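Just so you know, the sequences run in chain order A and B.
So the first sequence is residues 13 to 247, counted in our numbering.
So the second sequence is residues 13 to 247, counted in our numbering.
Don't be surprised by glycine CBs; every beta carbon is placed ideally from N, CA and C.
If you're wondering where the values come from, they're calculated on a predicted model, not measured in any experiment.
Protein chains: 2
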Amino acid sequence: MTDQDLTQADTVRLAIEREIFGGQLAPGDALEEGRLASRFGVSRTPVREAITQLAQAGLITKRAHKRAVVAQLDPGTMLELFEALAELEGAAVFLSTSRMSEAEKRELKDIHEAAAENLRNDGDPNEYADLGFAFHQRIVRGCHNTALIDTTEWLALRVLPYRRFQVVAPGRLQRNQTDHDAIISAIFAGDAEAAREEIRRHTLEQGDALMRFIALNKTSHADFHPNGLIKEQPL
Amino acid sequence: MTDQDLTQADTVRLAIEREIFGGQLAPGDALEEGRLASRFGVSRTPVREAITQLAQAGLITKRAHKRAVVAQLDPGTMLELFEALAELEGAAVFLSTSRMSEAEKRELKDIHEAAAENLRNDGDPNEYADLGFAFHQRIVRGCHNTALIDTTEWLALRVLPYRRFQVVAPGRLQRNQTDHDAIISAIFAGDAEAAREEIRRHTLEQGDALMRFIALNKTSHADFHPNGLIKEQPL
DNA sequence: TTGAGAGTTATTGCATACACTAAAAACATG
DNA sequence: CATGTTTTTAGTGTATGCAATAACTCTCAA
Chain A
13 MTDQDLTQAD TVRLAIEREI FGGQLAPGDA LEEGRLASRF GVSRTPVREA ITQLAQAGLI
73 TKRAHKRAVV AQLDPGTMLE LFEALAELEG AAVFLSTSRM SEAEKRELKD IHEAAAENLR
133 NDGDPNEYAD LGFAFHQRIV RGCHNTALID TTEWLALRVL PYRRFQVVAP GRLQRNQTDH
193 DAIISAIFAG DAEAAREEIR RHTLEQGDAL MRFIALNKTS HADFHPNGLI KEQPL
Chain B
13 MTDQDLTQAD TVRLAIEREI FGGQLAPGDA LEEGRLASRF GVSRTPVREA ITQLAQAGLI
73 TKRAHKRAVV AQLDPGTMLE LFEALAELEG AAVFLSTSRM SEAEKRELKD IHEAAAENLR
133 NDGDPNEYAD LGFAFHQRIV RGCHNTALID TTEWLALRVL PYRRFQVVAP GRLQRNQTDH
193 DAIISAIFAG DAEAAREEIR RHTLEQGDAL MRFIALNKTS HADFHPNGLI KEQPL
């Protein structure tokens, strides 16, 4: 059996998630049950379930009798999100420093060096972004605490739809790489407290940059209507 | 209109939550859609939605084509949960120390003193537990970061069904109060780092105590069948 | 007794139908 | 032309029915 007991609601949910992360569904776009149902060739019931789950995950917002909308983060919320994320990643790396296996550390270093390589060769910025994402993920997963990992990644998920707007501000990438350098050094030196501080500062700064960029380019990205979907007003 | 746009699914979800926290539904109990539907006088549809939401929140576990079960935590998971919770509360108090208003600090102190009073007079242990819960909640909310607050409380929710098994081990309550003392002192002294360490240790210890108690009394509490509901096997 | 397998029942996942809500459109009025 | 009101339309929330699947029961062999 090829599908491992994925219910149709799951399938729809995964599809919508992909579209959100891929940018086909931008923050603020309305999700209309009937349309989605016919688009995926199912009835409204599994679509509703998918929407319920996504709403619970914070990826979309939903109020009674009103249609679901891809979650939209105002600058204030975004700042809070990154602040919380910084604390969680800090907590995770604090544990990871003493808990990562040699293999895991090796893997982390590989990712870091691949990113450096990409930077030296003026490589694809998207690839660099992916490597940066992997870097954070490996560190978080290194704490070997499922609850903490899930919580952190759940939070990270909510800002993911905005990653596509990460601009390549002058010097931003280099700065990012330097930060990662410091984090790796602290981990390899076994200095958990230093690692925590480094990643905290780093993630806060990332959020700040992204927030500022979004605030500035609000209109330009809000006008991006993928495949003719209805557009909601920002609050 | 008396109900503020609560959909039936919401009503059912809240009712189930209450039953889980109140102990009428114990971890491991099966939730059967049809029965719940007739019990609440609605159709299966809103019940299904409620279950979906609760599953996403981690309060119940659900797999395709199998019935939903009130989430059951094995000792390992419980330990992880408390470890994560300790880190999150640590992060929160780190921020709260500098962010709580005078009024909030006052409120926190009031709660703490009410707990001390309860302890001196050999008061109701349930009331003491509630005060302890309020104590943690006030601290967490003092960080004024919605994302962090929600995340922490979401995690705390998952161990709530087990709070009822918190035994009054000899000296446990006094120890608890002493810990709270230290936390309050650190907060009022403005020492964020100390506050973090204190609450981390404290929450970890709480989890350890609870976990040990549950592991020991596994059979006795697993046999507790409230109102004739079906009992699932622990793994 | 205990365990495995077949047959039966119970329960879930999904589709469909309909009632009720809220947004949009059409209309009337100053 | 602007503004307030009614009508229409679109869309959500819920009930219900049916097919697929899991849970239970019973039988029979070891």
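Taking the alpha carbon of residue 119/A as the reference point, which residue from 205/A, 148/A, 135/A has its own alpha carbon closest? 148/A
Is it the case that the segment 108 to 116 of chain B contacts the segment 61 to 79 of chain B, given that we only count it when at least three CB pairs across the two stretches are under 8 angstroms? no
Can you give the beta carbon distance from residue 173/A to residue 87/A, rounded, assuming they're within the 8 angstroms contact cut? Not really, about 15 angstroms apart at Cβ, beyond 8 angstroms.
Inter-stretch contact at 8 angstroms, needing at least 3 Cβ pairs: the segment 75 to 95 of chain B / the segment 133 to 150 of chain A: In the pairwise beta carbon analysis, the segment 75 to 95 of chain B is classified as not touching the segment 133 to 150 of chain A: fewer than three pairs are separated by under 8 angstroms.
Short Cβ contact (8 angstroms threshold) for residue 92/A with residue 157/B: yes
Listed by chain order, chain B residues near residue 215/A by CB distance under 9 angstroms: The contacting residues do not exist; residue 215/A stays about 12 angstroms from chain B at best.
Nearest-angstrom Cα distance between residue 32/A and residue 202/B? Taking the CA atoms as reference points, residue 32/A sits about 42 angstroms from residue 202/B.
Start and end of the beta strand (DSSP E) containing residue 80/B? 80 to 82
Just to confirm the assignment, what range does the alpha helix (DSSP H) spanning residue 140/B have? 137 to 153
Residues near residue 5/B by beta carbon distance below 7 angstroms, same chain, minus five either side: Residue numbering for chain B in the displayed model covers 13 to 247; residue 5/B lies beyond these limits and cannot be assessed.
Here's the rule: buried if 16 or more other CB atoms are within 10 angstroms of the residue's CB, otherwise exposed. What is residue 26/A? exposed
Start and end of the alpha helix (DSSP H) containing residue 189/A? 184 to 201 is the extent of the alpha helix (DSSP H) around residue 189/A.
From the beta carbon of residue 114/B, is the nearest beta carbon of chain A less than 8 angstroms away? For residue 114/B, the nearest beta carbon of chain A is not closer than 8 angstroms to its own beta carbon.
What residues from chain B crowd round residue 93/A, counting only those whose CB sits closer than 7 angstroms? Chain B residues near residue 93/A: 159.
For the structure I just gave you, are there three or more beta carbon pairs, one from the segment 185 to 194 of chain A and one from the segment 123 to 143 of chain A, closer than 8 angstroms? The segment 185 to 194 of chain A, when compared against the segment 123 to 143 of chain A, does touch it at the 8 angstroms Cβ threshold.
Excluding the five sequence neighbours on either side, which residues of its own chain have a C-beta within less than 6 angstroms of the C-beta of residue 14/B, listed in chain order? Low local confidence applies: a pLDDT of 38 at residue 14/B is under 50, so the model's placement there is unreliable, and no value is given.
Please list, in chain order, the chain B residues whose beta carbon lies closer than 7 angstroms to that of residue 73/A. Going along chain B, no residue has its Cβ under 7 angstroms from residue 73/A, so there is no contact; the nearest lies around 14 angstroms.
Please list the terminal residues of the continuous alpha helix (DSSP H) segment that includes residue 90/B. 87 to 111
With 16 other CB atoms within 10 Å as the buried threshold, where does residue 183/A fall? Under this definition residue 183/A is an exposed residue.
Answer with yes or no whether the minimum CB distance from residue 17/B to chain A is below 8 angstroms. yes
Check whether residue 60/B and residue 44/B have beta carbons under 8 angstroms apart: No; because the gap between Cβ atoms is not below 8 angstroms, this pair is not in contact.
Where do the N-terminal and C-terminal ends of the alpha helix (DSSP H) with residue 160/B fall, by residue? 158 to 171
For a contact meaning CB atoms closer than 7 angstroms, what does residue 61/A contact in chain B? 64
Name the residues in the segment 190 to 220 of chain A whose C-beta lies less than 7 angstroms from a C-beta of chain B; which are they? Those residues of the segment 190 to 220 of chain A that come within reach of chain B (Cβ to Cβ, closer than 7 angstroms) do not exist; the list is empty.
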